[in-house]
Each structure stands twice: as structure tokens, then as C-alpha cells.
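Novice: Residue numbers (UniProt numbering): 1 to 140.
Beta carbons are placed, not taken as given, at the ideal position from N, Cα and C, and that holds for glycine.
Got a structure for you, written out below as C-alpha cells; questions coming shortly.
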């Protein structure tokens with residue numbers, strides 16, 4: 001088998017492995033390996049193929065790391081609906097006392113506090129943050 005087919009087979013295996021991990025970093029290495037295949041097609045020797053694959057893989061990985069996909073900013077998990085299923089749900093508050101209340105939510109009593117800019121009036125509120133056993137709410 002020709003060198004370029006080995007490089008493409010390795011690139012394909014890396015893409016499949018990347019599908020199981022869920023990161024794009026292995027995909028960037030697969031791009032480098034595919035470029036090693038191109039170098040083999042162009043007639044470069046083994047060392048040229050390896051050098052091409054390594055350089056392209058490192059550059060692609062570096063570019064990915066600098067992008068918004070590679071280095072996601074830290075999010076406050078107390079406000080992230082992907083982490084906490086309570087974010088965005090509704091609660092009904094009957095009475096407030098100094099910006100705090102007690103409600104039944106999902107079959108258990110919870111402390112509720114008003115979020116910034118929320119008005120302390122009876123009614124339905126949207127959960128915007130969960131801090132321990134306290135629900136921080138905002139007006140709908």
C-alpha cells in the first residue's frame with residue numbers, strides 16, 4: 001500500500017475517535033495527518049511527511065485553542081441551564097418578606113430571593129439562578 005493511503009487511514013481513524021470524545025482537538029490532529037497524506041502524494045519522503053503532519057497539526061490545534069470553540073469562557077454554573085434544569089422554570093410566590101419568600105417547588109420547600117431589578121409582588125416568577133437551596137428569581 002502507498003504511503004498516502006496509510007496517512008488517510010490514520011486520519012479516518014482519528015476522526016472516528018474524535019466522534020467518541022466530543023472535542024475538536026483530535027480533529028485538528030486528523031487534519032494534520034491528512035496533510036501528511038498530501039505530502040506523500042507530492043512525493044515527499046517519510047521525514048517530510050511526518051514534519052508536514054506535525055506542523056499542520058500543531059498550527060491547527062493552536063488556532064482552535066485561540067478560537068471561541070477551543071477555549072470556552074468559564075460560565076457561572078448557578079446560572080447555566082445546561083447544568084441546572086431549574087433555570088428558566090416558573091415558581092409562584094404568594095407573599096414576600098423583605099425580598100425573601102418560601103415556596104414549594106418540585107415537592108420540597110425552597111427559599112426564594114429576588115434577583116436584581118425584580119419587584120416583590122405576588123405572582124409567577126422565573127428562576128434565573130440556584131444558589132444551594134435558594135432560588136433567585138426574576139419577574140416574568
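What do you get for residue 61, buried or exposed, if any count of 16 or more other CB atoms within 10 angstroms of its CB means buried?
Specialist: When all chains shown are included, residue 61 counts as buried.
Novice: So, at 7 Å on beta carbons, what are the nonlocal neighbours of residue 25 in its own chain, with the 5 sequence-adjacent residues on each side left out?
Specialist: Closer than 7 Å at Cβ, skipping near neighbours: 61, 64.
Novice: Which residue wins for smallest C-alpha separation from residue 14, given the options 20, 30, 4?
Specialist: Ranking 20, 30, 4 by Cα distance to residue 14 puts 30 first.
Novice: If you count every other CB in all the chains shown that lies within 10 Å of the CB of residue 36, and 16 or more means buried, which is it?
Specialist: Result: buried.
Novice: Rounded C-beta distance between residue 57 and residue 28? I'm assuming under 8 Å.
Specialist: The Cβ separation is near 6 Å, so the contact holds.
Novice: Express the C-alpha separation of residue 82 and residue 97 in angstroms, rounding to a whole number.
Specialist: Going from the Cα of residue 97 to the Cα of residue 82 covers about 31 Å.
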